[in-house]
Each structure stands twice: as structure tokens, then as C-alpha cells.
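Colleague:
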Amino acid sequence: MRTRPNVIGGIIAAVWLGITLIPILLMLRAAFDTQEGYAQNGPLSLPSTITLENFAAAIDGGFLRNLGNSAIITAGTVALVLLVVPPLSFAIVRSTSRTVANSFRLMLLGLAIPAQVVVVPVSYLIIQLGLNNSLLGVILPTTAFAIPVCTLVLTGAMRNIGDELYEAMAIDGASTVRIFTRMVLPLSKGGIATVIVFAALQAWNGFLLPLVLARSPEVTVATVALNQFRSQYSVNVPGLMAAVVLTIIPILLVYLFARRALVAGVMGMGGK
Numbered sequence: 196m197r198t199r200p201n202v203i204g205g206i207i208a209a210v211w212l213g214i215t216l217i218p219i220l221l222m223l224r225a226a227f228d229t230q231e232g233y234a235q236n237g238p239l240s241l242p243s244t245i246t247l248e249n250f251a252a253a254i255d256g257g258f259l260r261n262l263g264n265s266a267i268i269t270a271g272t273v274a275l276v277l278l279v280v281p282p283l284s285f286a287i288v289r290s291t292s293r294t295v296a297n298s299f300r301l302m303l304l305g306l307a308i309p310a311q312v313v314v315v316p317v318s319y320l321i322i323q324l325g326l327n328n329s330l331l332g333v334i335l336p337t338t339a340f341a342i343p344v345c346t347l348v349l350t351g352a353m354r355n356i357g358d359e360l361y362e363a364m365a366i367d368g369a370s371t372v373r374i375f376t377r378m379v380l381p382l383s384k385g386g387i388a389t390v391i392v393f394a395a396l397q398a399w400n401g402f403l404l405p406l407v408l409a410r411s412p413e414v415t416v417a418t419v420a421l422n423q424f425r426s427q428y429s430v431n432v433p434g435l436m437a438a439v440v441l442t443i444i445p446i447l448l449v450y451l452f453a454r455r456a457l458v459a460g461v462m463g464m465g466g467k
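Going by the numbering used here, 228 is the number at position 33 of the sequence shown; the sequence numbering is gapless.
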């Protein structure tokens, strides 16, 4: 049976798509224009000349090193999250202990604590550990702030696994480790993809913690380095937009590769 097309829904979706594309188009328009042309013609006009000078200037200014630092922090954060969150979520889902349940509720209180509130004690702790002005000193607190949300997402995905599957594996004589590695992890790939994307986004877009904990030029990340395009009296908008484009591309690729599993993980977040 053929269904009638939802014309109103299509129009609303097209309008919303146009609204979301406007800032992207304005960003790309500025990134490929010269600073003089952008100042003369304004942001809404077409660029008088298309140039790659802004990208070359960003690369020559060391922005690739900043992107590399952001990539290291992102990869380290994702690796630690994947090391901690899956077994932690499995323990929370399968345990019947009241202590585990209360510990999970206590951990979720981290969702209500913004980084701005604890940045001073975190900075003091990192200094005491001798990790100030190092990438590891940014990775550890970034991971700590990502764990509560990632655990909430993955526990929701793991709760969707039926008890009959656990019972079947137990009847076959499978150990807890084998159940976790052979059944739970493959069936939770949607939630794991969601965790990866969320942790990567939080680490890649992080600004406050890298600003406070990594002030040395050698460990400056991309989000902090964007301030270099702002002087005391003006902002190099085309250069800034070119750097923003370079910053967006890596995390956009991560999202494109994981988008299907990400949607599946979000749909299963509520659990049973």
C-alpha cells in the first residue's frame, strides 16, 4: 500500500536544512576570501576572488601542530573511555548489589557538575601530579568528565540485551569474561559508537581545560589556538574561518563513519 507523501513535513525539513546550512555557507565563503575582500564586500556577498591563502597561512603558523595536539587528546580520551566504560557498564547492568547501584547514582551526579566549578581544584591536582602543561594532564580530566554520560549511554544499550541470551551463554558454560567479550560487546556496538563519538566531540571541542592546563605553545590545542587570529583591535575573519574549517573536518569524518551506529545507540539509550 502506497502512502501519501508528507508535503508539509518535507517543506519544514527543507526550511530547517536551509537554516542550518546558512552558517556553514557563510563560514566557507569567508574562508576562501581575502581579508581585504571580506572587509570591503561584507559577509553576505560572494567572494571577489577565491584563494587558499588563509589555509596556507594557518598551516604555516603552526596550526597543524595544534590539530595534532587535539588529535592526541581526543585519541587518548576515547581510548581511556573505552577501557573503563564498557566493563563498568556491564558490572552496573548485571550486578544486583545495592552498593553498585548507589555508586552508579553517585557517579551520575557528575552530570550536574560543570567543569567551570571544579577547574581550580582540578588544576591544583594536575600541578601536584606534575602533569601541568602536558597533554596527559588534559586527557585525564577530560576523560573523567566524559565517563558519567558515556556510562549512562552504554548501560542503556546493555540493558536491551535479553536475559535469555545471558542464560543461554551460562548454560553453555561461558565465563563472565567470555559473556562480556563474545556477546555483550558485539550486541552493544551501537552504544559503543555513541560513546566514541560523544567522547571524541567533548575532547576535540574542549576549551576550558586545555586553556588552563596546557598553556605552553608546544601543547596548545586547536580550540585555544583559534584566539591567535584575534588581535587587540581586529579579527582576521577569513583566517579564523579557514582554521575553523580545518578544525571541523576531522571530527566530521568521525561522525560520518559512525553515524548509523550512533543513531542506533541513541535510540536504545533509554534501555528497558
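Beta carbons: idealized from backbone N, C-alpha and C, even for Gly.
If you reduce the DSSP assignment to three classes, tell me which class Ser298 lands in.
Modeller: Ser298: helix per DSSP, three-state reduction.
Colleague: Tell me the DSSP bridge mates of Val430?
Modeller: DSSP output for Val430 lists Arg425 as bridge partner(s).
Colleague: Which residue wins for smallest C-alpha separation from Ala424, given the options Ala438, Pro412, Leu382, Pro316?
Modeller: The identity of residue 424 in the sequence shown is Phe, whereas the question assumes Ala. Closest option to Phe424, Cα to Cα, is Ala438.
Colleague: If the criterion is Cβ atoms closer than 8 Å, does the pair Thr272 and Ile334 meet it?
Modeller: Contact flag set, yes.
Colleague: In the structure shown, what three-state DSSP assignment does Val273 receive?
Modeller: Note: Val273 maps to helix in three-state DSSP.
Colleague: Starting from the N-terminal side, write out each stretch of the alpha helix (DSSP H) that is 4 residues or longer and does not extend beyond the segment 358-400.
Modeller: DSSP runs (the alpha helix (DSSP H)) wholly in the segment 358-400: 358-366, 384-399.
Colleague: What did DSSP end up calling Thr350 once you bin it into helix, strand or coil?
Modeller: Reduced to three states, the DSSP call for Thr350 is helix.
Colleague: So what does DSSP say about Val280, is it helix, strand or coil?
Modeller: Reduced to three states, the DSSP call for Val280 is helix.
Colleague: If you check the beta carbons only, do Ala420 and Thr337 fall under 8 Å apart?
Modeller: The answer is no: Cβ separation not under 8 Å.
Colleague: Decide if Asp228 is buried, meaning its Cβ has at least 16 other Cβ atoms within 10 Å, or exposed.
Modeller: Buried, by the Cβ-count rule.
Colleague: Keeping to the same chain, check which residues put their C-beta closer than 8 Å to that of Met302; ignore five residues upstream and five downstream.
Modeller: These residues qualify, in order along the chain: Ile342, Pro343, Thr346.
Colleague: Would Leu360 and Ser284 qualify as a contact pair, given that the criterion is a beta-carbon distance under 8 Å?
Modeller: Not a contact, by the Cβ cut-off of 8 Å.
Colleague: Return the CA-CA distance between Leu408 and Val280, expressed in angstroms with no decimal places.
Modeller: So the alpha carbons of these two residues sit roughly 24 Å apart.
Colleague: Mind listing, in chain order, the continuous alpha helix (DSSP H) runs of no fewer than 4 residues lying wholly within the segment 208-241?
Modeller: Within the segment 208-241, the complete alpha helix (DSSP H) runs of at least 4 residues are 230-236.
Colleague: Which residue's Cα is closest to the Cα of Ile446: Asn422, Phe402, Phe393?
Modeller: If we check each option's Cα against that of Ile446, Phe393 comes out closest.
Colleague: Just how far apart, CA to CA, sit Ala234 and Val416?
Modeller: The alpha-carbon atoms of Ala234 and Val416 are separated by roughly 28 Å.
Colleague: Taking all protein chains shown into account, decide if Pro218 is buried (16 or more other Cβ within 10 angstroms of its Cβ) or exposed.
Modeller: Pro218 comes out exposed.
Colleague: Hey, Ala209 and Pro433: beta-carbon distance below 8 Å or not?
Modeller: No. Outside cutoff.
Colleague: Alpha carbon to alpha carbon, how far is Pro282 from Val430? Give it in angstroms, no decimals.
Modeller: Each residue's Cα considered, the two are about 47 Å apart.
Colleague: With Pro242 and Arg224 assumed to form a contact (beta carbons below 8 Å), what rounded beta-carbon distance in angstroms separates them?
Modeller: About 6 Å; that satisfies the 8 Å criterion.
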